[in-house]
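Take a look at the structure set out below.
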Amino acid sequence: GGIITQTPKFLIGQEGQKLTLKCQQNFNHDTMYWYRQDSGKGLRLIYYSITENDLQKGDLSEGYDASREKKSSFSLTVTSAQKNEMAVFLCASSIAGQNYAEQFFGPGTRLTVL
Amino acid sequence: GDSVTQTEGQVALSEEDFLTIHCNYSASGYPTLFWYVQYPGEGPQLLFRASRDKEKGSSRGFEATYDKGTTSFHLRKASVQESDSAVYYCALEDYNQGKLIFGQGTKLSIKP
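Those protein sequences? They're chains D and H, same order as listed. Here the first sequence is numbered in my numbering, starting from 1 and rising by one per residue. Here the second sequence is numbered in my numbering, starting from 115 and rising by one per residue.
Set out below in structure tokens:
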């Protein structure tokens with residue numbers, strides 16, 4: 001088995017601040033994902049990475065940057081936090097190039113912007 | 115583009131009630147369909163999947179049948195328990211782009 005670790009668990013920021021969320025996985029999976037979860041809107045894909053140093057934009061990439069420093073880690077940066085923003089950011093990983101591949105999720109980082 | 119629609123945003127039931135959560139999809143071909151469940155404070159986890167017309171997926175008493183004709187993959191359980199309280203997501207696989215497309219999620223609350 002494996003595990004996905006997300007840090008921090010809770011993140012409080014100020015309007016306009018640049019904020020970084022981190023994700024680590026020990027599944028040895030090739031592909032990693034960042035999702036934003038808002039109540040009533042499901043999971044929306046922000047960025048994903050098929051392999052180390054690869055980046056692919058999802059449906060919600062505006063306002064975010066991402067970095068795949070190595071196979072096991074994937075970071076997400078909120079470039080300018082929006083006032084009153086509240087959301088949960090979920091990291092996930094899966095085996096690349098395999099049909100029906102299951103995605104494994106971390107517990108999430110809960111963001112609050114004051 | 116491909117999409118997934120879950121009709122119910124919230125469902126409130128009593129223990130031993132029958133559950134149906136509706137999921138309809140729009141995509142070409144035969145995408146793999148998934149149900150994920152998310153318990154409070156945790157990330158989503160795979161419940162089960164199906165990839166062929168008429169294939170039934172099942173786990174923990176939940177089941178859904180892939181129906182190409184009605185483009186549906188409705189989640190059902192005959193008798194829900196309080197421990198089933200969670201958010202349920204229907205999803206389909208966009209294999210060409212290596213990603214999942216999720217529905218809006220359905221929050222299930224079970225009264226003891």
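Note that CB positions come from ideal geometry on N, CA and C, so glycine has one too.
Take H:V125 and list the residues in its own chain whose beta-carbon comes closer than 8 Å to its own, dropping the five residues that flank it on each side.
Along the second sequence, one-based indexing puts residue 125 of chain H at 11. Excluding residues within five positions, the ones whose Cβ falls inside 8 Å are L133, I135, T220, K221, L222 and S223.
Going straight from the alpha carbon of D:Y64 to that of H:E130, what length do you get?
As a position in the first sequence, residue 64 of chain D is number 64, starting the count at 1. As a position in the second sequence, residue 130 of chain H is number 16, starting the count at 1. Distance between the alpha carbons of D:Y64 and H:E130: 44 Å.
Can you list the residues of chain D that H:F216 reaches, using a CB-CB cut of under 7 Å?
Position 102 of the second sequence, counting from 1, holds the residue named residue 216 of chain H. Taking a Cβ-Cβ cut-off of 7 Å, the neighbours of H:F216 in chain D comprise G42 and L43, given in sequence order.
Under the three-state DSSP convention, the category H:N138 falls into:
Along the second sequence, read from residue 1 onward, the residue named residue 138 of chain H stands at position 24. It is a strand residue.
At a CB-CB cut-off below 7 Å, which residues of chain D make contact with H:P158?
Within the second sequence, residue 158 of chain H is the residue found at index 44, counting from 1. Residues of chain D passing the Cβ test: F105.
For D:H40, which of H:E207, H:Y202, H:K213 and H:D181 has the nearest alpha-carbon?
For the purposes of this step, residue 40 of chain D is taken as residue 40 along the first sequence, with counting starting at 1. With the sequence shown as reference, residue 40 of chain D is identified as Gly, and His is not the correct amino acid for it. When each option's Cα is compared against that of D:G40, the closest is H:Y202.
To the nearest angstrom, report how far apart H:K213 and H:E207 are at their CA atoms.
As a first step, residue 213 of chain H is located in the second sequence; it is residue number 99 there, counting from the start. As a first step, residue 207 of chain H is located in the second sequence; it is residue number 93 there, counting from the start. Between the alpha carbons of H:K213 and H:E207 lies a gap of roughly 6 Å.
Quick one: what's D:S75 bridged to in DSSP?
On the first sequence, position 75 is the one that residue 75 of chain D refers to. Paired residue(s): D:K22 and D:S67.
Check whether chain D comes within 9 Å of H:Y180, counting only Cβ atoms and requiring the distance to be less than that.
Here residue 180 of chain H is taken as the residue at index 66 of the second sequence, counted from 1. Closer than 9 Å: no.
If the cut is a Cβ gap below 7 Å, which residues of chain H does D:I3 touch?
Translated into positions along the first sequence, residue 3 of chain D becomes position 3. Neighbours of D:I3 on chain H: none; closest Cβ ~11 Å, over 7 Å.
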